[in-house]
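Trainee: This is the structure I have questions about; it appears just below.
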Amino acid sequence: MSDSMSISEFIRNEEVAAFVTRHAGELVSWDQFQGLPMPAGLSPETMWEVIEFVRLVGVDEQMPFSQSDEACVGESSWYGISSEMSAVLARLMHRGRTAGTLDARLAQYRSAYGKSPFLVADLSAAAARDGVEIDPDAVVALAAGTRTPATPAERLAANALAVLRSLDEYCDRAFDESLYGEIQSRLDEGCAALSYRPMLRPETSYNAYGSADGNDPLSRYDAEQKSWCLDLISTRVNEVYRGRAEGIVAVVIACDLICEELPFPRWNGFMEIILRRLFFERIGMRALAFVPFSRALLDWELGLPAAQELPFAFGQAILHSRYGNNTTPYLRQLLQFLERGLDDLERETDAMVAQFDRRREALAADTRLNHRQQSLLMELVMNPSGSIDAATYERRYDVTLVTARADLKKLVQMGFLSLAEVGKKQVFSPVPRMGDMVSARSGSVPPA
């Protein structure tokens, strides 16, 4: 056969039908697609157009996310990856990869400011989703380490922060009941008596978890759905998909399902944030872990002004669009949250770099400082938790111990460093908000 076959022959051709069913939901670039064996002697160009058409107007009997030999395709929602979505995924993979430019800048940001960008926004969203009332200012203070938890709700937020700061402990752990139980126990420390009444997703079929008369949202908790959700996480979010677009798709669907299915006994909002960090770490996309996905998703659900410019109101993509049970529009929106979040992260880190440049210029212009002192202060501006002693300074800058002590004590006198006795050593550390002092000398304004 050739590309000149009739429409009737084309529609009835079993090879064509099998090819479309097999590849309509795959994430394959044009270069990869050309290398596939084409059905019935048709050209790659022809079949690419057919696949694109089916992705746009296809029906439910196509590509379920949970496809298996036993699964009934017609009983699952399916997703298709159009060329537009493929381009979005390619950008996400490039920008969000571990050890990429943005990932390195985010590490620098966390070192300089003691937290990741938008962490407070995500934690506040998790608290709202989990039905916990907590003052946003308290979350800011807890994240900065300037406040001790004063209520069970604040203790919950502090526990979540502690888990997020120790995620390296879990990087090699399997996604299983043991891991989930351990994280749940850590979240519950000191606040086990705090009631858990999660917020319902509004005005969609998800309201099956509760009712308008105030019944417990968990009263219709479906153990089978919980099991399906957790199985999806354990099978789809793993090293097999490291650096691949399928991994990103799996993570956003898994995170959305946690918010929808409430698979954990308590604190699903906080679990979503913690597990999302681990998910993206697992697939080699660490920068994506710091996107304020929880905040974006919650704003979308609530129809807040920030979400009103989006193509679909929450739920409309599945429940009310012409695509029926094709989840592609919904998935496209979730991916858009990631891409917009990366834009926000890049703006924050660009502002950080610009601020560091201004501070470096201010230090270079301070004629009271020698080059060694300028170098040390810039290092401490970028790492406020750092410290140094005279012996280390002596070795680093190849000076005598007398000169090292004189340099450091002058910085104490100028108000940049504080001095503490640690054992038999004198340790010099930056004073609180030392970076702001440097910024003030250049007339720059520190970030909020």
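Position one of the sequence shown corresponds to residue 6 (this note's numbering), numbered consecutively onward. Heads up, the beta-carbon is just placed ideally off N, CA and C, and yes, glycines get one too.
If you measure between the beta carbons of Asn388 and Ser116, is that distance less than 7 angstroms?
Mentor: When the beta-carbon positions are compared, Asn388 and Ser116 come within less than 7 angstroms of each other.
Trainee: Return the CA-CA distance between Leu347 and Met357, expressed in angstroms with no decimal places.
Mentor: 15 angstroms
Trainee: By the three-class DSSP mapping on this structure, what secondary structure does Leu422 have?
Mentor: strand
Trainee: Can you say whether Ser299 is buried or exposed, counting buried as having 16 or more other CB atoms within 10 angstroms of its CB?
Mentor: buried
Trainee: Grab me the residues of Arg191's own chain with a C-beta within less than 8 angstroms of its C-beta, minus the 5 sequence neighbours each way, in chain order.
Mentor: Asn164, Ala167, Val168
Trainee: Is it a yes or a no for the segment 110–125 touching the segment 142–149, going by three-plus beta-carbon pairs under 8 angstroms?
Mentor: yes
Trainee: Determine the direct distance from the alpha carbon of Phe38 to that of Gly49, and round the result to whole angstroms.
Mentor: Strictly speaking, residue 49 in this sequence is Pro, with Gly absent from that position. Answer to the nearest angstrom: the Cα atoms are 7 angstroms apart.
Trainee: So Leu368 packs on Leu385, CB below 8 angstroms; how close in whole Å?
Mentor: Going by Cβ atoms, the distance from Leu368 to Leu385 rounds to 11 angstroms, so no, they are not a contact pair.
Trainee: Only counting runs of 3 or more residues, tell me where the beta strand (DSSP E) segments fall wholly within the segment 381–444, in order along the chain.
Mentor: Entirely contained in the segment 381–444, the beta strand (DSSP E) runs reaching 3 residues are, in chain order, 422–427, 430–435.
Trainee: To the nearest angstrom, how far is the alpha carbon of Gly391 from that of Ala425?
Mentor: As the crow flies, the alpha-carbon of Gly391 is around 13 angstroms from that of Ala425.
Trainee: Nearest to Gln113 by alpha carbon, out of Glu353, Asp394, Leu94?
Mentor: Glu353
Trainee: For Ala213, name the three-state secondary structure that DSSP assigns.
Mentor: Summary for Ala213: the model assigns pLDDT 38, below 50, so the residue's position carries little reliability; its value from the coordinates is reported in the next sentence. Note: Ala213 maps to helix in three-state DSSP.
Trainee: Skipping 5 residues on each side, what residues in its chain have a beta carbon closer than 8 angstroms to that of Glu138?
Mentor: Ala132, Ala158
Trainee: Within a Cβ cutoff of 7 angstroms, which residues of the same chain sit near Asn220, ignoring the five residues on either side of it in sequence?
Mentor: Because Asn220 carries a pLDDT of 47, less than 50, the predicted location of this residue cannot be relied on, and the following value inherits that uncertainty. For Asn220, where only same-chain residues beyond five positions count, there are no Cβ hits under 7 angstroms.
Trainee: Thinking C-alpha only, which one of Ser232, Pro154, Trp53, Arg134 is nearest Phe180?
Mentor: Ser232
Trainee: On the three-state DSSP scale, how would you describe Cys196?
Mentor: Three-state result, Cys196: coil.
Trainee: With a floor of 3 residues, list each beta strand (DSSP E) that falls wholly inside the segment 98–177, ordered by position along the chain.
Mentor: none
Trainee: Rank Glu194, Asp441, Glu89 by C-alpha distance to the C-alpha of Pro334 and give the top, closest one.
Mentor: Glu89
Trainee: Measure the CB-CB distance between Arg364 and Val417 and report whether it falls below 7 angstroms.
Mentor: no
Trainee: Could you give the residue range of the alpha helix (DSSP H) that holds Ala4?
Mentor: Residue 4 falls outside the range modelled here, since the chain spans only 6 to 453, and no answer is possible.
Trainee: Which same chain residues, not among the five before or five after Leu107, have their C-beta less than 8 angstroms away from its C-beta?
Mentor: Arg100, Gly101, Ala292, Leu347, Leu350, Glu351, Thr354
Trainee: Rounded to a whole number of angstroms, what is the C-alpha to C-alpha distance between Arg110 and Ser434?
Mentor: 23 angstroms
Trainee: Glu344 to Glu251, Cα distance in whole Å?
Mentor: 16 angstroms
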